[in-house]
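For the sequence shown, the positions run 1 to 419 when full-length UniProt numbering is used.
As structure tokens, the structure follows; a few thoughts come after it.
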Amino acid sequence: MSISLISRLGRGVAAAGLALVGGAIATTGTLSYANDELPPGMAAELDNDAYQRVIAEHLQSSGEVQPTSHQSGYVEGGYVDSGYGTQYAESSRKPRHRRSGKRKSGSLLGGLCSSDGCPDPWWAHRHSVYGEFLYLNAGSSDLVHAIEFTGPTAADSPTGPVGIINNDPEAGFRVGASLAASNCTSLNLGYTYWSGSEADTINAQGTNVLNSQILHPSLLTTGAASLQATAVHDIDFQLVDLNYRHLWKRTQNTAINWTAGVRYGNMEQSLIAQQTIQVATGLTTVTTDIDFDGFGIHGGLDMERYSCETGLFVYGKGMASLMAGEWNANYRQVNQFGGGVVANDYEDFHATPILEGELGMGWMNNGGHIRFQLGYMMSGWYEAVSTRGYVDAVRANDLLDIGETITFSGLTTRLTVMF
């Protein structure tokens with residue numbers, strides 16, 4: 001064990017290592033130290049990643065020292081990152097694992113290490129495919145379709161019960177893939193789909209009646225009331241994103257990327273409401289249909305903070321898109337026993353912004369090939385034409401400004417396979 005590692009590698013390998021890294025190699029007992037005698041300021045100026053790769057390649061090619069993990073900070077036989085250079089020891093018969101560097105007390109997730117102890121490098125862009133489960137609730141879209149009153153006239157008062165369509169959380173999905181051009185850049189393609197449906201029925205109690213909040217207050221239905229009202233509301237959206245993603249800032253355990261690209265968006269909403277009015281109208285049915293197709297720009301930032309000791313990470317991202325497209329809507333009211341049809345057709349081409357935010361945490365395996373994450377997301381479609389806003393506008397005979405904000409919020413889980 002008195003023979004130094006330098007002598008085992010040969011003078012030619014040692015000279016090549018010295019020439020590439022520009023540091024002095026000294027030997028002490030069974031250990032060899034690279035840049036051991038450099039002042040801290042000078043050692044800090046070296047490209048540590050390139051330096052360690054050169055030394056590791058020479059040592060592994062000799063068959064004497066072999067890392068025992070994908071993480072360069074874990075080795076067999078005592079390979080340690082000292083902070084000023086790389087130390088190597090002869091391989092022992094039994095593998096020993098040592099952590100590079102010192103544990104940073106008070107750091108997130110139980111101690112975050114330098115990138116030397118992570119998949120090399122942990123923040124790198126890679127070819128990947130992913131599948132994501134969405135469990136979202138549509139907000140600002142609840143619809144009141146009937147209210148119980150003591151009578152059908154304006155002098156009567158509400159009794160309490162309200163027929164309302166509350167959109168409960170529904171499942172959706174997102175799938176995609178990325179093609180890495182380098183460790184710092186990638187091209188990403190994603191598709192998102194979500195759909196929700198809700199129905200409600202209300203019956204009048206005792207001598208009370210139901211006043212519709214959906215029927216147009218035309219001559220035949222003014223002051224009309226019923227004993228039962230039903231309504232079914234559907235809403236769904238889909239998105240297609242094509243983005244360029246690039247590493248913007250990074251530290252030893254934090255990475256920030258920016259994203260820019262294009263987006264196609266589609267949203268569809270439909271309503272069927274029925275209420276039995278006294279003769280001469282009978283069963284009155286109202287249907288509405290709203291469609292949007294838009295195309296525009298998309299971009300934002302995402303951040304990750306990674307723990308090499310546990311494989312856990314926290315993440316956050318904020319995205320924005322601006323899509324220009326046309327909103328088309330129609331309203332139809334048909335009476336069972338005649339009385340004509342109340343109809344409206346609406347078209348408007350305008351920009352619809354979408355803001356999205358997501359926070360969560362996840363885990364990546366040692367090889368950096370599997371990632372699992374769980375988070376909470378929220379998105380808002382601004383200047384959207386909602387069913388609630390459109391029905392109110394038709395009933396009020398005022399279609400000048402019917403834009404509203406429709407939100408989607410809930411849990412998201414993603415599994416990513418990288419290669």
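Glycine included, C-beta positions come from ideal geometry on N, C-alpha and C.
Of the candidates Gly163, Thr254 and His369, the residue whose Cα lies closest to the Cα of valine 209 is Gly163. Histidine 125 has its alpha-carbon roughly 5 Å from the corresponding atom of asparagine 183. For arginine 126, there is no enclosing alpha helix (DSSP H), as DSSP marks it with neither H nor E.
Listed in chain order, the non-local C-beta contacts of arginine 388 below 6 Å within the same chain comprise Leu143, local neighbours out to five positions each way being set aside.
Contact check between the stretch 258 to 278 and the stretch 289 to 307: three or more CB pairs, one atom from each, fall below 8 Å, which counts as touching.
Closest in alpha carbon position to valine 286, among Glu198, Tyr315 and Val394, is Val394. Between threonine 185 and histidine 246 the beta-carbon gap is near 5 Å, inside 8 Å, which marks them as a contact.
Each residue's CA atom was taken as its position, placing isoleucine 147 and glutamine 228 some 10 Å apart. Look at the beta carbons and you see the stretch 315 to 322 touching the stretch 349 to 364: at least three pairs across the two are nearer than 8 Å. Distance from serine 140 to glutamate 404 at the Cβ level is roughly 6 Å; contact confirmed, criterion being Cβ atoms closer than 8 Å. A direct Cα-to-Cα measurement between alanine 343 and tyrosine 390 gives close to 13 Å.
Setting aside the 5 residues that flank it on each side, aspartate 236 is surrounded in the same chain by Ser195 and Glu268, each with a C-beta closer than 6 Å to its C-beta; the list follows chain order.
Straight-line spacing of the CA atoms in glutamate 347 and aspartate 398 works out to 14 Å.
Take histidine 216, set aside five residues on each side of it, and the residues of its chain with a beta-carbon closer than 7 Å to its own are Gln333, Val342, Val394 and Arg395, in chain order. Counting of Cβ neighbours within 10 angstroms places tyrosine 306 among the buried residues, the total reaching 16 or more. Within the same chain, Cβ atoms closer than 6 Å to the Cβ of alanine 231 are found at His145, Ile165, Asp200 and Ala273, the five residues on either side in sequence being excluded.
Scanning its chain for C-beta atoms nearer than 6 Å, with the 5 sequence neighbours on each side dropped, one finds around glycine 282 the residues Gln336 and Phe337, in chain order.
Taking C-beta atoms as the reference points, leucine 374 and threonine 413 count as a pair closer than 8 Å. Contact check for leucine 134 and alanine 177: beta-carbon distance about 18 Å, past the 8 Å limit, so the pair fails to qualify. In this structure, threonine 288 lies away from isoleucine 277, with their beta-carbon atoms at least 8 Å apart. Apart from the 5 residues on each side of it in sequence, asparagine 330 sits with its Cβ closer than 6 Å to the Cβ of Asp289 and Asp345 in its chain, given in chain order.
Shown here for serine 379: same chain residues with a beta carbon closer than 8 Å to its own, the five before and five after excluded, namely Ile354, Leu355, Glu356, Gly357, Thr407, Phe408 and Ser409 in chain order. The DSSP-derived three-state label of glycine 389 is helix. Rounded to the nearest whole angstrom, the C-alpha separation of tyrosine 264 and leucine 189 is 12 Å. In summary, serine 157 is exposed, with fewer than 16 beta-carbon neighbours lying within 10 Å of its beta-carbon over all protein chains present. For the beta strand (DSSP E) assignment, the uninterrupted runs of no fewer than 3 residues enclosed by the stretch 181 to 225 are, from N- to C-terminal side, 185 to 203 and 209 to 212. Taking a 10 Å sphere around the C-beta of aspartate 401, we find fewer than 16 other C-beta atoms and assign the residue as exposed.
In the DSSP assignment, histidine 145 falls within the unbroken beta strand (DSSP E) covering 143 to 149.
In the three-state scheme derived from DSSP, where H, G and I count as helix and E and B as strand, alanine 396 is classed as helix. Within the same chain, and ignoring the five residues on either side of asparagine 243 in sequence, the residues whose Cβ sits closer than 6 Å to its Cβ are Asn188, Thr259 and Gly261. Where aspartate 345 is concerned, the enclosing beta strand (DSSP E) starts and stops at 341 to 364. Counting C-beta atoms within 10 angstroms of its own C-beta, glutamate 304 has 16 or more neighbours from the protein chains shown and is therefore classed as buried. Minimum Cα-Cα distance from methionine 364 among the listed residues Val417, Gln252 and Gln238 corresponds to Val417. Residue nearest to serine 386 within the set Asn328, His369, Ala204 and Met361 is Asn328 (criterion: CA-CA distance).
Per DSSP, the unbroken beta strand (DSSP E) holding proline 161 starts and ends at 158 to 165.
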